[in-house]
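What follows is a set of notes on a single structure, which appears directly below.
In the working numbering, the protein residues as written are 1 to 165.
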């Protein structure tokens with residue numbers, strides 16, 4: 001079964017001042033989480049709004065940002081948590097593997113907050129439950145455990161320049 005959750009990402013804007021010239025940039029990202037089996041796909045796109053104010057001119061531009069996608073195996077994620085309740089509802093994902101979510105715009109400390117509309121609460125609850133279940137029953141074959149014979153070979157290799165008798 002496929003689970004979908006539309007979301008927004010909150011990314012702080014940027015303001016720059018140089019003399020009588022000011023540039024303000026704000027970002028709006030939206031996307032969808034898709035869980036299929038043991039793979040979570042995160043797709044997002046957005047716009048950047050640039051306001052340029054000078055001594056004699058004002059310019060307001062909207063720039064389309066490219067659509068992006070990342071696919072993450074569920075065994076590299078911790079179970080999802082729902083945070084915020086009624087007022088600021090969001091689903092939080094944290095990766096077990098450093099950098100697994102690094103290209104997602106609002107990633108911070110290996111975690112991402114996916115903000116959803118109150119009307120999507122049922123979908124968010126279903127997504128969190130399905131993710132937790134998928135993580136719990138993810139095939140152990142997908143995790144590469146260290147092989148004892150490989151470790152032994154590494155430990156028994158003599159330092160360079162030394163020969164064994």
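C-beta: ideal position from N, C-alpha, C; glycine also.
Residues bridged to residue i (per DSSP)
i, result
"residue 36", "2 and 39"
"residue 24", "15 and 51"
"residue 91", "82 and 114"
Residue i, DSSP secondary structure in three states
i, result
"residue 141", "Annotation note: pLDDT 38 at residue 141 (below 50); position unreliable, no value reported."
"residue 75", "helix"
"residue 101", "coil"
"residue 131", "helix"
Distance, residue j Cα to residue i Cα
i, j, result
"residue 66", "residue 95", "24 angstroms"
"residue 119", "residue 51", "32 angstroms"
"residue 98", "residue 138", "19 angstroms"
"residue 70", "residue 117", "22 angstroms"
Close Cβ partners of residue i (< 6 angstroms) along its chain, the five nearest in sequence each way excluded
i, result
"residue 80", "91, 93, 128 and 131"
"residue 49", "26 and 62"
Same chain, Cβ closer than 8 angstroms to residue i, five either side skipped, listed in chain order
i, result
"residue 125", "82"
"residue 13", "24, 25, 26 and 27"
"residue 58", "51 and 52"
Same chain, Cβ closer than 7 angstroms to residue i, neighbours up to 5 away in sequence not counted
i, result
"residue 134", "35, 38 and 74"
"residue 46", "27, 28, 29, 30 and 65"
### Query
Counting Cβ pairs, one atom from each stretch, are 3 or more of them under 8 angstroms apart for the region 38-46 and the region 73-88?
yes
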